[in-house]
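Notes for the one structure printed next.
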Amino acid sequence: PCLDDTGGLPYALYIRAKLDGTGTRRAVESITSGLGWRAVQKPMICHGEWQEDFVEDCHTLGMAMAAGLDGGIF
95 PCLDDTGGLP YALYIRAKLD GTGTRRAVES ITSGLGWRAV QKPMICHGEW
145 QEDFVEDCHT LGMAMAAGLD GGIF
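Numbering (the working numbering), first residue to last: 95 to 168.
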């Protein structure tokens, strides 16, 4: 029943991957496509060795998503 109410919902995706994250990206995009959700930006892939910048990048993504939802942009 809830699937009828979630079509068209916006989402943003970040992936933490040791390698390139391609398989994860494809899998999530397949699932979200089936749900009828729409990406509001390209996936952010944090790959390779851990970098402290990942934290700030993900925070920025979350804040942008929150602002877009709050402002009715998405």
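The C-beta atom is built at its ideal place from N, Cα and C for all residues, glycine as well.
Burial state of residue i, where buried means 16 or more other Cβ atoms lie within 10 Å
| i | result |
| --- | --- |
| Ala161 | exposed |
| Gly115 | buried |
| Ala106 | buried |
From the options, residue whose alpha carbon lies closest to that of residue i
| i | options | result |
| --- | --- | --- |
| Leu113 | Arg120, Gly130, Gly142 | Gly142 |
| Gly130 | Asp99, Lys136, Asp164, Met157 | Asp99 |
| Gln145 | Gly102, Pro104, Arg110 | Arg110 |
| Arg132 | Thr118, Gly102, Ser124 | Gly102 |
Per-residue DSSP class, three states only, for residue i
| i | result |
| --- | --- |
| Ile167 | coil |
| Ala158 | helix |
| Ala121 | helix |
| Cys96 | coil |
Cβ-based neighbour list, residue i, same chain, cut-off 6 angstroms, excluding 5 preceding and 5 following
| i | result |
| --- | --- |
| Met159 | Ala106 |
Sequence-distant residues of the same chain with beta carbon closer than 7 angstroms to residue i, five excluded per side
| i | result |
| --- | --- |
| Val122 | Leu107 |
Anticipated Cβ contact below 8 angstroms, residue i with residue j, distance rounded
| i | j | result |
| --- | --- | --- |
| Met138 | Asp151 | 6 angstroms |
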